[in-house]
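Visitor:
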Amino acid sequence: MQKVTLFKVRNFGEIFNDTFSFIRQNLWPLVRPSIIIAGPLFFLSGLFLGSGMGQYYKTALGSVGEDVTDFGAMDSFSMDMVVSYDIGYFFIIVGYVLFIAIINSYIILYRGSGNGTYEITTTMVWQEAKKHLGWLMFTFIVVSFLIGIGFLFCFIPGIFLSVPLSLIFILRMEERKLSLGEALKKCFKLTENYWWLTSGIILLLSLIYSLVGSTISLPVSFLLMGSAFLDAGLIDTVAQSLLMGITHLFTFLLSGILYVGIAITYYSHRERMEGISLANKIDSLGGDLIN
Numbered sequence: 035m036q037k038v039t040l041f042k043v044r045n046f047g048e049i050f051n052d053t054f055s056f057i058r059q060n061l062w063p064l065v066r067p068s069i070i071i072a073g074p075l076f077f078l079s080g081l082f083l084g085s086g087m088g089q090y091y092k093t094a095l096g097s098v099g100e101d102v103t104d105f106g107a108m109d110s111f112s113m114d115m116v117v118s119y120d121i122g123y124f125f126i127i128v129g130y131v132l133f134i135a136i137i138n139s140y141i142i143l144y145r146g147s148g149n150g151t152y153e154i155t156t157t158m159v160w161q162e163a164k165k166h167l168g169w170l171m172f173t174f175i176v177v178s179f180l181i182g183i184g185f186l187f188c189f190i191p192g193i194f195l196s197v198p199l200s201l202i203f204i205l206r207m208e209e210r211k212l213s214l215g216e217a218l219k220k221c222f223k224l225t226e227n228y229w230w231l232t233s234g235i236i237l238l239l240s241l242i243y244s245l246v247g248s249t250i251s252l253p254v255s256f257l258l259m260g261s262a263f264l265d266a267g268l269i270d271t272v273a274q275s276l277l278m279g280i281t282h283l284f285t286f287l288l289s290g291i292l293y294v295g296i297a298i299t300y301y302s303h304r305e306r307m308e309g310i311s312l313a314n315k316i317d318s319l320g321g322d323l324i325n
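Using the numbering used here, read the sequence shown as starting at 35 and increasing by one per residue.
So, in structure tokens, the structure goes:
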């Protein structure tokens with residue numbers, strides 16, 4: 035099977051096809067570091083969110099106790115629920131940034147290896163990823179703030195901003211010399227005249243992984259709701275939280291489809307704008323002529 039060349043100008047169909055070609059060729063090397071490094075955070079996020087969701091359903095259905103005027107018990111359940119959700123979302127945010135760093139680190143190492151000419155280990159991925167975690171988290175906070183402000187203004191500005199800024203993580207990891215401001219400007223430059231292509235890829239890949247993920251997450255949600263109706267005991271609650279943790283891990287791994295697609299899109303836009311592969315070929319030919 036022919037290896038995927040990253041720096042290559044692609045149309046919509048080629049980006050879509052090469053995304054899944056890359057995933058097929060590198061499935062286990064991508065999944066392995068994701069499970070080992072980021073997996074525990076996703077599992078813990080599901081564990082705490084599952085616990086909070088179970089508490090919410092029980093509170094909403096009045097299963098705290100027979101005395102519905104026992105506001106002390108209600109407040110205790112509400113506080114436990116809020117704490118569970120807060121801890122769960124904290125693990126989601128940290129795991130999300132770490133997962134993106136892992137996916138992009140593997141892709142960068144793949145490119146550096148001559149498009150997968152040697153094995154890329156989990157240790158290599160972690161060594162690359164940990165160099166970026168601090169400023170990736172800062173970038174995530176800044177970009178989330180900008181997009182959030184955009185959504186406050188009639189929703190449409192948020193959509194407009196979110197498409198070019200989807201490239202920010204792979205761009206900052208590949209082009210480390212750029213400041214955050216320069217990287218933000220380049221995101222818009224890369225997607226100039228290609229906003230619809232980029233948004234189409236993001237929408238399609240998001241739809242695919244969301245539909246597949248919902249086949250697992252929806253039954254688990256219904257199970258949690260059903261167990262609240264049945265007023266399940268401690269053992270059932272623990273089992274539900276564990277199931278939610280596994281579901282979260284599976285769902286976040288599926289989201290790797292989107293991040294690989296975004297990376298493929300970035301390399302396509304950058305090749306179109308800068309002609310990197312052509313410049314490399316010219317340099318290679320020049321070196322051969324000198325030798």
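Quick reminder that beta carbons are idealized off the backbone N, C-alpha and C, glycines included.
What residue range is occupied by the uninterrupted alpha helix (DSSP H) comprising residue 161?
Guide: Residues 156 to 163.
Visitor: Indicate the three-state DSSP secondary structure (helix, strand or coil) for residue 130 in the structure shown.
Guide: Correct three-state label for residue 130: helix.
Visitor: Between residue 153 and residue 38, what straight-line distance do the alpha-carbon atoms span, to the nearest angstrom?
Guide: Near 15 Å, if we compare the C-alpha coordinates of residue 38 and residue 153.
Visitor: State yes or no: is the C-beta of residue 290 within less than 8 Å of the C-beta of residue 239?
Guide: Their beta carbons are not under 8 Å apart, which means residue 290 does not touch residue 239 by this criterion.
Visitor: How many Å lie between residue 50 and residue 231 at the Cα?
Guide: Residue 50 and residue 231: Cα-Cα distance of roughly 11 Å.
Visitor: Could you name the residues of the same chain whose beta carbon sits closer than 8 Å to that of residue 284, not counting the 5 residues immediately before and after it, in chain order?
Guide: Only 247, 250 meet the Cβ criterion.
Visitor: Alpha carbon to alpha carbon, what distance is there between residue 195 and residue 187?
Guide: About 12 Å.
Visitor: Measure the C-alpha to C-alpha separation of residue 119 and residue 135 and round it to an integer number of angstroms.
Guide: Roughly 24 Å separates the two Cα atoms.
Visitor: Could you tell me whether the Cβ atoms of residue 309 and residue 84 are closer together than 8 Å?
Guide: No, they are not a contact pair.
Visitor: For my contact list, residue 276 and residue 81 are in at a C-beta cut-off of 8 Å; report their separation, rounded to the angstrom.
Guide: With a Cβ gap of about 7 Å, residue 276 and residue 81 count as contacting.
Visitor: Would you please state the rounded distance, in angstroms, between the beta carbons of residue 125 and residue 78? I believe it to be under 8 Å.
Guide: So it is a contact: roughly 5 Å between Cβ atoms.
Visitor: Apart from the five residues just before and just after residue 143, which ones in its own chain have a Cβ nearer than 7 Å to its Cβ?
Guide: Once the five neighbours on either side are set aside, the close Cβ partners of residue 143 are 154, 158, 159, 162.
Visitor: Could you work out which residue in 228, 287, 219 is closest to residue 244 when comparing CA atoms only?
Guide: Closest option to residue 244, Cα to Cα, is 287.
Visitor: Find the nearest neighbour of residue 141 within the set 225, 64, 234, judged by alpha-carbon distance.
Guide: Out of 225, 64, 234, 64 has the C-alpha closest to the C-alpha of residue 141.
Visitor: Helix, strand or coil: which one does DSSP assign to residue 45?
Guide: Looking at residue 45 - three-state DSSP - the assignment turns out to be coil, as it is neither helix nor strand.
Visitor: Return the Cβ separation of residue 200 and residue 236 in integer angstroms, given the expectation that the two are a contact with Cβ distance under 8 Å.
Guide: Yes, they are in contact, since the Cβ atoms of residue 200 and residue 236 sit about 6 Å apart, within 8 Å.
Visitor: Indicate the three-state DSSP secondary structure (helix, strand or coil) for residue 99 in the structure shown.
Guide: With a pLDDT of 48 at residue 99, under the threshold of 50, the modelled position of this residue cannot be trusted; read the value that follows with caution. Coil at residue 99, not helix or strand.
Visitor: Indicate whether residue 173 and residue 70 have their beta-carbon atoms separated by less than 8 Å.
Guide: No, the Cβ-Cβ distance between residue 173 and residue 70 is not below 8 Å.
Visitor: If I'm right that residue 138 touches residue 297 with Cβ under 8 Å, what's the distance once you round it to whole angstroms?
Guide: Residue 138 to residue 297, Cβ: 6 Å. Contact.
Visitor: With a threshold of 16 other CB atoms inside 10 Å of the CB of residue 207, please say whether the residue is buried or exposed.
Guide: With 16 or more Cβ atoms within 10 Å of its Cβ, residue 207 is classed as buried.
Visitor: Relative to the alpha-carbon of residue 292, which residue among 181, 114, 233, 43 has its alpha-carbon at the smallest distance?
Guide: The option with the nearest alpha carbon to residue 292 is 233.
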